[in-house]
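Written below as structure tokens is the structure these notes are about.
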Amino acid sequence: MARLTDLDAQPSVRTMSERPSPIVARCHPALEGLLPPPVPARAALPDWLRAMPSDVESPLIGEAVRTLKHCSPMIDALGLGFILPLPARVEARGGALHWDWDFPVIEDAPLSRAPLGVHVPEQASGSPLAPAEGGFIVKFLNYWSLSAPPGWQILFTHPFGHPDLPFRTLTGLVDADGFRDGYVHFPALWPNPVWEGVLEAGTPVAQAIALPRMAPGIESRVMTSDEVTACRTVQEALQSERGVYRRSYRIGPASA
219 MARLTDLDAQ PSVRTMSERP SPIVARCHPA LEGLLPPPVP ARAALPDWLR AMPSDVESPL
279 IGEAVRTLKH CSPMIDALGL GFILPLPARV EARGGALHWD WDFPVIEDAP LSRAPLGVHV
339 PEQASGSPLA PAEGGFIVKF LNYWSLSAPP GWQILFTHPF GHPDLPFRTL TGLVDADGFR
399 DGYVHFPALW PNPVWEGVLE AGTPVAQAIA LPRMAPGIES RVMTSDEVTA CRTVQEALQS
459 ERGVYRRSYR IGPASA
């Protein structure tokens with residue numbers, strides 16, 4: 219049976235390259251102090267993760283089991299990249315979306331004073347994203363321009379860990395090292411037209427993850443005999459001890 223010391227003796231893969239320059243978020247001077255800024259996703263983990271228990275009884279197997287709170291890969295994914303927040307309070311009632319915020323008149327930039335717009339449903343025709351009857355597609359307006367260092371793109375997607383939101387932000391990839399001075403807005407499916415409630419300013423709208431343009435490819439092959447042995451060692455350790463991945467392999471998202 220593998221021991222933790224056996225795993226620690228294996229060649230380390232934890233080499234860290236030099237940190238790239240940061241992604242820079244900029245807003246118009248007239249909006250300073252009005253907009254909630256983008257925040258690191260690890261600082262905006264969903265409330266349910268903190269509130270959920272660490273262990274619960276399982277009637278199926280007759281003993282306590284660990285919950286998702288112990289799943290390091292999931293937690294690291296939830297904290298990956300940064301969150302773009304909703305700029306203003308939006309209320310859904312009576313089949314319409316309402317907002318009221320003190321947006322200034324800006325004469326030197328063609329910025330919409332509405333925090334969201336719409337896409338006509340026909341734009342999704344022929345795709346599985348087309349909303350069901352009564353559903354619609356919104357567009358969350360983003361007032362931050364985002365510039366990435368050379369060679370980096372930004373993947374925008376629905377905020378991880380937020381399936382409770384009444385919308386589903388669509389996924390898109392932007393060459394943010396070249397498209398530095400424009401605004402990336404976020405189309406989102408709104409599948410339930412009768413949902414009523416409030417989305418407070420600061421609600422996560424999109425999760426943004428920086429990706430290098432020159433990402434590695436994929437190679438498929440059969441394991442060598444040494445790789446079979448190494449794989450078995452890891453699997454036996456995972457089955458015999460708790461926390462092997464967390465203690466011996468996990469690095470987690472880099473600190474800012």
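For the numbering used here, count along the sequence shown from 1 and bump the result up by 218. Beta carbons: idealized from backbone N, C-alpha and C, even for Gly.
Excluding sequence positions up to five away, which residues of its chain have a Cβ less than 6 Å from the Cβ of residue i?
i: E414; result: A310, R311
i: W319; result: A306
i: A220; result: Because the pLDDT of A220 is 38, which lies under 50, any placement of that residue in the model is unreliable, and the number read from its coordinates should be weighed accordingly. The answer, listed in chain order, is T451, E454, A455.
i: P238; result: P367
i: D382; result: none
i: W317; result: A306, V308, P333
i: R464; result: S290
i: Y467; result: none
i: D393; result: Q371
i: A342; result: A348
Is it right to say residue i is buried, meaning 16 or more other beta carbons lie within 10 angstroms of its own, or is it exposed?
i: P333; result: buried
i: H380; result: buried
i: A424; result: buried
i: W408; result: buried
i: G299; result: buried
i: R260; result: buried
i: P422; result: buried
i: A262; result: buried
i: P277; result: exposed
i: L185; result: Examination of residue 185 is not possible in this model, given that the chain is present from 219 through 474 alone.
If contacts are defined as beta-carbon pairs under 8 Å, then residue i and residue j qualify, I think. What distance do you get, rounded to the angstrom?
i: W370; j: L429; result: 7 Å
i: A269; j: E275; result: That pair is no contact at about 18 Å.
i: G353; j: P411; result: 6 Å
i: F385; j: A406; result: 4 Å
i: I293; j: V257; result: Their Cβ separation, rounded to whole angstroms, is 17 Å, which puts I293 and V257 out of contact at 8 Å.
i: L296; j: P346; result: 26 Å between Cβ atoms; not a contact.
With distance defined between alpha-carbon atoms, name the residue in the options nearest to residue i.
i: A350; options: V338, K357, T389; result: V338
i: G461; options: K287, P277, H403; result: K287
i: G313; options: L304, F378, V416; result: V416
i: W266; options: F378, E236, R431; result: F378
i: V242; options: I469, P264, D399, S443; result: D399
i: P255; options: V440, L304, S458; result: L304
i: R244; options: S365, S443, S272; result: S365
i: L315; options: L329, T389, I355, G396; result: I355
i: D478; options: H246, G470, A348; result: Nothing can be reported for residue 478, as the shown portion of the chain is limited to 219 through 474.
Quick one, are the C-beta atoms of residue i and residue j less than 8 Å apart?
i: F374; j: A426; result: yes
i: H376; j: T387; result: yes
Please return the same chain residues whose Cβ sits closer than 7 Å to the Cβ of residue i, not counting the five positions on each side in sequence.
i: C248; result: The identity of residue 248 in the sequence shown is Ala, whereas the question assumes Cys. Around A248: P322, I324.
i: M441; result: C449
i: N360; result: L302, Y401, V402, H403, F404
i: R331; result: F321
Which residues in the same chain as residue i place their Cβ atom closer than 8 Å to its Cβ, once the five residues preceding and following it in sequence are excluded?
i: G280; result: none
i: S272; result: R284, T285, K287, H288
Is any non-hydrogen atom of the ligand SAH found closer than 7 Å to the C-beta of residue i, if you look at the structure I gave you?
i: S443; result: Looking for the ligand SAH in the displayed structure turns up nothing, as the structure carries no ligands at all.
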